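Protein chains in written order, with the numbering used here: chain A, 25 to 259; chain B, 1126 to 1636.
Ideal Cβ placement from N, Cα and C applies to all residues, glycine included.
Note that the coordinates shown come from a computational prediction; the quantities given were computed from them, not determined experimentally.
Okay, structure coming up:
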């Protein structure tokens, strides 16, 4: 879930990724960088990193020279974008892909998957995803990323959530779910309550979105930069 | 030079491109002198007023004299001729329909002009209005060319041959690379950065160079950032467009606010991009500010050639504001003046849009189509038979995706109505009121949360919900957000304003 800057150094890919980020920053309207960007997509998939900038750059180049477009690469970009939710990256990519390409079967499926995630229909999402294993299993980390997004939305919405609802959202049940909950209790501050005759109730940590008391009154906070504007006057 | 074409034109239209009326001769002679002497004020007067007056008087529906005819009066100065041709083509596009040949020639002229500027050999100071118009027109002609090229169906063989031969003209790579080159070569981004630390004077000089140098490259570089924002919006790449604009701080005035056309274009595209990125609050805030500004100051621009454009963009932004507020009801963000104008123009349509039935989508469609940029397909056409018109493809895609997003938010307004009425309510009860089962209600509640919590440019989650809630097992607790006054901001503004007044008073010398 979320956007991860491509930290190439960490992954020991020193050469390629560092150069690609530079290409996108300084050479982005150059058709010659297309092969580098395509390789970078494959790198992102195999090393579980992500770069929105570079992928948008590639989709733009495909837009400029439509004969060079690779459906497979576009599909991979879309899956990675889906994994970046709640960021709107998936839509950003669709804006750049011609309509007739979006009518292809694999893209229609991805659009349906995105639709389910955007509208909180996790059960339908996992059903559909299991029917399209070939698309989603091609990208490692997919399941975890979507589970991360599901937990994000649940954390916005619930203070206390029934176990069944959680299970459906992250597609984990039984012993695996028990293990998962144990891990969350230990590391993320989750608490498990026993509800009267209804099964487990999971208490999620409070944050500014699910607890009115913690709601930051951002409207009146002034960025430091703006305050510095009057320093010359005050002195 | 398209001399043959012009001679043919002369025969067709009964006008001679080599005839230079005396007032026009005087005009170019004076303009040339003022440019050489760097009299920016005079240049501006001639550019804004005299050019328009002469156009109205002599060239209402014909082009200005050819550059060859006037070159003799200006020492055949190469750079002046490039500038003259730029105005020549701009006038042509405004009053007539350019032929393909003329479009290609205009491209060539821009290439020559920008290359001269990029090589750093110009020593002129030109008015900001003119420099903005150059960038604005450059992008406009690119957009116009793409629209023209995409209508392949009725192209003549001659036109197709020319298109194939001059495939570099208005090529998207060329356009983007020129704008990017102007940004980079002018080092405008570093200049703006250094200005924040007091190491540079750019904004405080309105972009002009008071050290005997030229403002042309720097200011063209600055305006090119707005040009890039515009081109990226036309391509549907909103994220990158906003990134190109980042070095300009739109929460303050700057060189972009000096020319009203630039100010409006910047905010229009900024707002539109944020709308498509679902950052509704950012869009609403900026639309509100600019619409208020136009309301107050448009009377000063009534005589200007940009007046019509200003009015058009004004109307379009009201439509975009109506859309934004229908998707994200936060009317407290809107000034009373703007709000009353909005209610007058779109009050009825907005209440229909917030109903989320089929009619609502027809409204969204209508307003979006009226207000959106003229999206383009940047790739070269296929010359294979059958030739088709595909100039609407890009627009149709953006519209489709926008309506798709509006549709996903369909049930939220119904939910919102209930949330406003209750402080707590059980899931079971709300489900029965909304006529859905509980699992469906849970998905609706999560959709509401997801759609009202946008991800900003730094990756942070920002809530734009006017009414919010949280769920405790099977009970919904509603949280009303209290509108708060922005005291901090208000005080800062007043401090700066008072300081300005005091400084102005200090500088007055009394007899």
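When the Cα of residue 1236 of chain B is compared with those of B:1298, B:1420, B:1436, which residue comes out closest? Per the Cα distances, B:1298.
Strictly below 7 Å CB to CB, what residues from chain B border residue 236 of chain A? 1604
Would residue 27 of chain A count as contacting chain B if we go by Cβ distances under 8 Å? Its pLDDT being 35, under 50, residue 27 of chain A is placed unreliably in this model, and the value from its coordinates should be taken loosely. At least one chain B Cβ lies under 8 Å of residue 27 of chain A.
Can you look up residue 28 of chain A in the DSSP assignment and give me helix, strand or coil? For residue 28 of chain A, the predicted model reports a pLDDT of 39, less than 50, meaning its position is unreliable and no value from the coordinates is stated.
For residue 1568 of chain B, which residues in chain A fall below 7 Å Cβ to Cβ? Under the 7 Å cutoff, chain A gives 143, 144, 145.
Suppose the cutoff is 6 Å on Cβ atoms and the five residues either side in sequence are ignored; what does the same chain contact list for residue 105 of chain A look like? Take residue 105 of chain A, set aside five residues on each side of it, and the residues of its chain with a beta-carbon closer than 6 Å to its own are 113, 114, 117, in chain order.
Would you list the one or two residues that DSSP bridges to residue 1108 of chain B? Here chain B has residues from 1126 to 1636 only, and residue 1108 of chain B is not among them.
Beta-carbon proximity of residue 1294 of chain B to residue 1232 of chain B, cut-off 8 Å: With respect to the 8 Å criterion, residue 1294 of chain B and residue 1232 of chain B are classified as neighbours on the basis of their beta carbons.
So, using beta-carbon positions, are residue 1415 of chain B and residue 1373 of chain B closer together than 8 Å? no
From the DSSP output, in three-state form, read off residue 90 of chain A for me. helix
Sub-8 Å separation of residue 1366 of chain B and residue 1398 of chain B beta-carbons: yes
Where the alpha helix (DSSP H) through residue 1352 of chain B begins and ends: 1341-1360
Please name the residue, chosen from B:1281, B:1287, B:1166, that lies closest to residue 1226 of chain B on a Cα-to-Cα basis. B:1287
Across which residues does DSSP place residue 1165 of chain B in a beta bridge pair? The partner list for residue 1165 of chain B (beta bridge, DSSP) is empty, contrary to what the question assumes.
Taking its Cβ as the centre, do 16 or more other Cβ atoms sit within 10 Å of residue 1181 of chain B, making it buried, or is it exposed? exposed
Residue ranges of each alpha helix (DSSP H) run of no fewer than 4 residues wholly in the region 1187-1270 of chain B, ordered along the chain? Scanning the region 1187-1270 of chain B for uninterrupted alpha helix (DSSP H) segments of 4 residues or longer gives 1192-1196, 1203-1220, 1225-1243, listed from N- to C-terminal end.
Quick one: give me the first and last residue of the alpha helix (DSSP H) that residue 1588 of chain B is part of. Looking at the DSSP string, residue 1588 of chain B is not in any alpha helix (DSSP H); the run it does join, the beta strand (DSSP E), is 1586-1588.
Strictly under 8 Å for the Cβ-Cβ distance: is residue 1620 of chain B near chain A by that measure? yes
Going straight from the alpha carbon of residue 1484 of chain B to that of residue 1493 of chain B, what length do you get? Approximately 14 Å between the Cα atoms of the pair.
Rounded C-beta distance between residue 214 of chain A and residue 229 of chain A? I'm assuming under 8 Å. The C-beta separation of residue 214 of chain A from residue 229 of chain A comes to about 7 Å, placing the pair in contact by the 8 Å criterion.
Short CB-CB distance (under 8 Å) between residue 84 of chain A and chain B: yes
Identify each residue in the region 163-197 of chain A for which the Cβ-Cβ distance to at least one residue of chain B is less than 7 Å, and report them in chain order. 177, 180, 181, 182, 183, 184, 186, 189
How would you call residue 248 of chain A, buried or exposed, if buried means at least 16 neighbouring beta carbons within 10 angstroms? exposed
What's the C-alpha gap between residue 1242 of chain B and residue 1273 of chain B? 29 Å
Run down chain A in chain order and give the residues with a C-beta less than 7 Å from the C-beta of residue 1297 of chain B. Neighbours of residue 1297 of chain B in chain A, taken as residues whose beta carbon is under 7 Å from its own, are 88 in chain order.
Verify whether the separation of the beta carbon atoms of residue 141 of chain A and residue 173 of chain A is less than 8 Å. yes
If we ignore side chains and look at the alpha-carbon of each, how far apart do residue 1479 of chain B and residue 1450 of chain B end up? Distance between the alpha carbons of residue 1479 of chain B and residue 1450 of chain B is about 9 Å.
DSSP state of residue 161 of chain A, grouped into three classes? In the structure shown, residue 161 of chain A adopts coil according to DSSP, grouped into three states.
Less than 8 Å separating the beta-carbons of residue 1343 of chain B and residue 1313 of chain B? For residue 1343 of chain B and residue 1313 of chain B, yes; Cβs fall inside 8 Å.
Below 8 Å on the Cβ atoms is my contact criterion, and I expect residue 53 of chain A with residue 1417 of chain B to pass it. Report the Cβ-Cβ distance as a whole number of Å. Wrong, their Cβ atoms sit about 36 Å apart, outside the cutoff.
7 Å Cβ cut-off: residues of chain A touching residue 1302 of chain B: 53
Name the residue from B:1162, B:1184, B:1503 whose alpha carbon lies nearest to the alpha carbon of residue 1148 of chain B. B:1184
If we define contact as Cβ-Cβ less than 8 Å, is residue 1361 of chain B a contact residue for chain A? yes
Residue 251 of chain A versus chain B: which residues are under 9 Å apart at the beta carbon? By Cβ distance, chain B contributes 1613, 1617.
Is there at least one Cβ from chain A nearer than 8 Å to residue 1571 of chain B's Cβ? yes
Can you determine whether any heavy atom of the ligand MG sits closer than 7 Å to the C-beta of residue 1430 of chain B, and answer yes or no? In the structure shown, the ligand MG is absent, as is every other ligand, since no ligand is present at all.
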